[in-house]
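Read the structure below first, then the notes.
Protein chains in written order, with the working numbering: chain A, 2 to 244; chain B, 25 to 363.
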């Protein structure tokens with residue numbers, strides 16, 4: 002049984018077909034990269050799976066259980082956690098309290114939640130900012146904060162929406178290393194990414210979305226060799242740069 | 025407990041706030057002894073404002089759901105007390121508890137409807153106003169509640185704690201609202217440092233993010249509404265006992281809703297002490313301006329015998345605060361000191 006099983010998922014907004022009959026499966030322990038041009042429906046796919054949006058039709062099974070249209074907080078507590086491309090810190094709170102909100106899913110007591118949060122903050126290298134307001138964080142820090150909060154929920158499946166976007170290359174490398182360690186922790190990851198180097202380095206499989214439909218999927222090598230994918234998304238430069 | 029953990033307890037912000045609360049309450053408890061008797065009414069009014077504002081602040085300041093209808097909760101408290109006492113002889117203390125419960129129920133039911141249909145911001149505020157007006161009309165037309173006449177609380181021959189009635193200008197009329205205020209602030213402090221309070225603030229900051237981190241958004245919003253309504257209703261019940269009279273307009277009128285908002289805004293929304301500081305400024309305002317007008321200093325002699333200075337001062341004060349202290353008196357100062 003697959004950890005995540007998405008069947009014929011569609012999401013239409015007043016005539017716009019943001020997603021149309023998307024089917025995909027994710028096996029436990031796998032890293033699945035999702036690529037596609039802007040407006041392909043990648044973020045909508047995440048929102049529809051994780052309960053922020055209700056699908057127009059189709060089903061989502063997580064660990065064999067039907068979670069289609071379930072409340073976002075229930076899905077998150079069941080172990081399917083997402084991050085946001087545009088980071089969403091709790092602006093009135095410190096970095097520590099931001100992460101503690103997620104820790105409260107397991108710890109009722111404030112002190113226990115803060116202790117657990119401090120541990121994850123240290124793991125993600127956010128210690129210097131721990132007691133500062135979350136809004137004081139630079140972009141790279143905000144991306145790590147998103148990740149820290151998501152990890153605090155002890156996810157089995159993590160949906161990462163462009164955690165590397167907006168970072169300069171020197172900031173990307175440590176984050177990519179960090180993502181690699183998730184695999185050792187037994188966390189399954191689906192991630193949306195535009196930076197192809199990261200997609201190639203991290204993914205076991207790659208899925209290409211285009212106009213809300215699955216254009217292709219397979220190993221990174223298969224997908225990048227696919228003529229339709231090159232035309233729709235990667236462009237000729239990619240082949241030239243790669244050769 | 026070891027010395028070390030004692031120190032860490034004392035250093036925690038919650039402990040510090042409780043220390044301030046205890047010292048502040050003790051100081052204010054001396055108020056009846058230093059204040060001339062003719063000023064007692066102002067003190068009572070100010071304390072009542074403070075309780076209402078603390079209540080409003082929990083739903084609207086910490087919870088981010090802007091209410092323009094807290095008169096509904098205040099009125100429910102005032103009328104629950106009056107009705108139970110006058111028609112059934114039930115003690116005001118029980119009336120206060122019942123009023124708090126009914127107000128919380130009404131608040132939760134109406135807020136659920138509004139949130140369920142995704143009303144937010146100005147539309148949410150307007151809808152809360154509409155609910156308060158509905159209650160005003162309803163109460164004005166209910167025979168069982170004496171329509172527009174309201175209730176007179178029967179005056180007892182002797183003072184009675186059980187019936188919350190004392191001789192005029194009794195110090196108890198200051199100590200009771202002071203006790204209620206201290207209780208409301210204690211609830212506020214505990215809330216802010218609990219999971220529930222943290223969830224409430226997270227939802228205010230970013231509902232979508234909170235939900236995606238496993239926070240049941242609706243439930244915790246309604247918890248904030250329930251606490252807020254109950255506190256405001258307690259102030260209403262006391263109000264009836266102090267003035268020994270209640271009618272639909274004094275209980276459910278829009279003025280009450282404004283009085284809930286203004287001290288919190290002036291003092292600082294979403295802070296523990298803001299509403300109290302705001303009430304301390306707004307409460308005595310009309311009294312202070314009236315005193316000035318009665319015997320104006322030479323520079324203000326042209327104002328002698330004029331009325332409405334309190335309203336004008338009120339307006340000017342609001343403008344100044346919005347312009348220069350956008351987080352209120354306490355809120356802005358607290359922020360400056362944190363830097």
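Here a beta-carbon is modelled for each residue, glycine too, at the ideal position from N, C-alpha and C.
Q. DSSP puts residue 189/B in a beta bridge; with which residues?
A. 184/B
Q) Does any C-beta atom of chain A lie closer than 9 Å to the C-beta of residue 222/B? A) yes
Q: Starting from residue 226/B, find everything on chain A with Cβ-Cβ shorter than 7 Å and list it in chain order.
A: 91 and 102
Q.
Please report whether the beta-carbon of residue 52/A lies at a distance below 9 Å from any beta-carbon of chain B.
A. yes
Q.
Taking the straight line between their C-alpha atoms, what separation do you get for residue 286/B and residue 175/B?
A. 28 Å
Q | Continuous alpha helix (DSSP H) assignments of at least 4 residues falling wholly in the stretch 205-232 of chain A | A | 221-226
Q. Taking the Cβ atom as the reference point for each residue, do residue 153/A and residue 237/B lie within a distance shorter than 9 Å?
A. Residue 237/B is positioned such that its CB atom lies closer than 9 Å to that of residue 153/A.
Q: Kindly indicate if chain B contains any beta-carbon less than 9 Å away from that of residue 159/A.
A: no
(Q) Counting only C-beta atoms, is residue 60/A closer than 9 Å to chain B at any point? (A) no
(Q) I'd like the span of the beta strand (DSSP E) that includes residue 178/A, first residue to last. (A) Unbroken run through residue 178/A is the alpha helix (DSSP H), 170-185; no beta strand (DSSP E).
Q.
Buried or exposed, going by whether 16 or more other CB atoms sit within 10 Å of the CB of residue 2/A?
A. exposed
Q: Determine the direct distance from the alpha carbon of residue 116/A to that of residue 90/A, and round the result to whole angstroms.
A: 19 Å
Q: With 9 Å as the threshold, decide whether the Cβ of residue 64/A is near any Cβ in chain B.
A: At least 9 Å separates the CB of residue 64/A from every CB of chain B.
Q: Would you verify that the beta carbon of residue 355/B is, or is not, closer than 9 Å to some beta carbon of chain A?
A: It does not; no Cβ of chain A falls within 9 Å.
Q: Please check if any C-beta of chain A sits within less than 9 Å of the C-beta of residue 240/B.
A: So, interface residue.
**Q.** Inter-residue CB distance, residue 97/A and residue 76/A (contact presumed, cutoff 8 Å)
**A.** Rounded to whole angstroms, the Cβ separation of residue 97/A and residue 76/A is 25 Å, and the two are not in contact under 8 Å.
Q) When DSSP labels each residue in this structure, what does residue 136/A get in the three-state scheme? A) Here residue 136/A sits in helix by DSSP.
Q: Could you tell me which chain B residues have their CB closer than 7 Å to the CB of residue 154/A, listed as they occur along the chain?
A: 237 and 238
Q: Would you mind working out which of 27/A, 113/A, 233/A and 225/A sits nearest residue 63/A, comparing C-alpha positions?
A: 27/A
Q: Sort 93/B, 36/B, 100/B and 195/B by Cα distance to residue 257/B and report the nearest one.
A: Nearest of 93/B, 36/B, 100/B and 195/B to residue 257/B, Cα basis: 100/B.
Q) Which of helix, strand or coil does DSSP assign to residue 36/A? A) strand
Q: Kindly say whether residue 218/B, judged by its beta-carbon, lies nearer than 9 Å to any beta-carbon of chain A.
A: yes
(Q) Rounded to the nearest angstrom, what separates residue 243/B and residue 341/B at their Cα positions? (A) 37 Å
Q.
Given this structure, state the Cα-to-Cα distance separating residue 171/B from residue 272/B, to the nearest angstrom.
A. 8 Å
Q) Measuring CA to CA, which of 324/B, 155/B and 124/B is closest to residue 281/B? A) The residue with the shortest Cα to Cα distance from residue 281/B is 155/B.
Q) Is the beta carbon of residue 67/B sitting closer than 9 Å to the one on residue 55/B? A) yes
Q | Within chain B, partners of residue 78/A - CB distance below 7 Å | A | 238
Q) Counting along the chain, where does the alpha helix (DSSP H) carrying residue 130/B start and finish? A) 116-140
Q.
To test your reading of the DSSP string, which unbroken alpha helix (DSSP H) runs of 4 or more residues are found completely within the stretch 9-80 of chain A?
A. 43-50 and 73-78
Q. Could one say the Cβ of residue 368/B lies closer than 9 Å to chain A's Cβ atoms, at least one of them?
A. Lying outside 25 to 363, the shown extent of chain B, residue 368/B is not represented and no answer is given.
Q) Taking contact to mean at least 3 C-beta pairs separated by less than 8 Å, is the stretch 200-211 of chain B in contact with the stretch 70-89 of chain B? A) yes
Q) Could you check where the beta strand (DSSP E) with residue 192/A kicks off and where it finishes? A) Element bounds for residue 192/A: 189-193.
(Q) Cutting at 7 Å between CB atoms, please list the residues of its own chain near residue 12/A, excluding the five before and the five after it. (A) 19, 20, 45, 49, 54, 56 and 57
Q) Roughly how many angstroms separate the alpha carbons of residue 147/B and residue 129/A, rounded to a whole number? A) 41 Å
(Q) Taking the straight line between their C-alpha atoms, what separation do you get for residue 369/B and residue 251/B? (A) This structure gives no information on residue 369/B, because the portion of chain B shown stretches from 25 to 363.
Q) Do the stretch 184-192 of chain A and the stretch 104-120 of chain A touch if we need at least three Cβ pairs shorter than 8 Å? A) As far as the Cβ criterion goes, the stretch 184-192 of chain A does not touch the stretch 104-120 of chain A, which means the pair count is below three.
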